[in-house]
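Residue numbers (the working numbering): 1 to 265.
Think of the CB as a built atom: it goes at the ideal place given N, C-alpha and C, for glycine as much as any other residue.
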């Protein structure tokens, strides 16, 4: 998580630009010019400062590819991407923790790479672990942690990168339903406490509606923005809430329609 000074600078940049991320006519192809495969086509999307946006779509529609482009792990074939607050933090589906390090040392590694002085790293790592409800877990090894606890450590490590934009690539997909529901609550709380901007990839419609302020549906192959929904359901939400279920049915029908259209080509 950013220090107050870092957050202030990031917020100043976001206020000046009016967005935490801006994608303008982004396309991505893989392969050579003759046999290239168009994966993403003409994606234009803004994420406002402090906004929680979910990217939803069928498997293979380019959601993770789009997130990698925003993260700077790859370059678009066309178009431009701006992240005025600096390099985004990225959290993967797998926790990707180093098993030979403790929970605290995994978080400290991100602080070290950020240039935080050694004397400040442990107190900051402990604070971040407290933020994700893992107080007292600093010295635990990865094998001692449950799946949900490992993802909390991964979240703390992402927050240690001090970015105002958090990218999340299906981070709860491998967890059981109860653990996932608990982490939905925790992520919502952290998002509201820190005022982070979040771009969250999922193929789970109810998860998208449960978490987001805005849901963006991608079509299949190539990925294009098919439709967007602004979610006006007050937080905190539950995944079983009637309003969440009702909107999920509507979005699921749209998603099925996109899959059928793709299947006809």
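57 is the residue among 155, 37, 57, 261 whose C-alpha sits nearest the C-alpha of residue 252. Cβ neighbours of residue 30 within its own chain (closer than 8 Å, five residues either side excluded): 36, 37, 39. By the Cβ criterion, the region 175-195 is not in contact with the region 97-104, since fewer than three pairs of Cβ atoms, one from each stretch, lie closer than 8 Å.
Rounded to the nearest angstrom, the Cβ distance from residue 200 to residue 211 is 6 Å, consistent with a contact under 8 Å. Shown here, residue 226 sits in a strand according to DSSP, grouped into three states. Taking residue 138 as reference, the option from 147, 122, 91, 146 with the minimal CA-CA separation is 122. Distance from the CA of residue 113 to the CA of residue 142, rounded to the nearest whole angstrom, comes to 20 Å. At a Cβ-Cβ threshold of 8 Å, residue 85 and residue 167 do not count as neighbours. The Cβ atoms of residue 153 and residue 107 sit closer than 8 Å to each other.
DSSP lists 78 as the beta-bridge partner residues of residue 27.
In the structure shown, the three-state DSSP call for residue 214 is strand.
Distance from the Cα of residue 19 is smallest, within the candidate group 52, 67, 192, for 52.
Counted as a single uninterrupted DSSP element, the beta strand (DSSP E) harbouring residue 44 occupies residues 37-47.
Measuring C-alpha to C-alpha distances from residue 257 to each of 226, 234, 230 identifies 226 as the nearest. Contact between residue 216 and residue 228 holds, with the beta-carbon distance rounding to 5 Å and staying under 8 Å. Checking the DSSP bridge columns, you'll see residue 91 partnered with 168. Counting along the chain, residue 198 sits inside the beta strand (DSSP E) bounded by residues 197-202.
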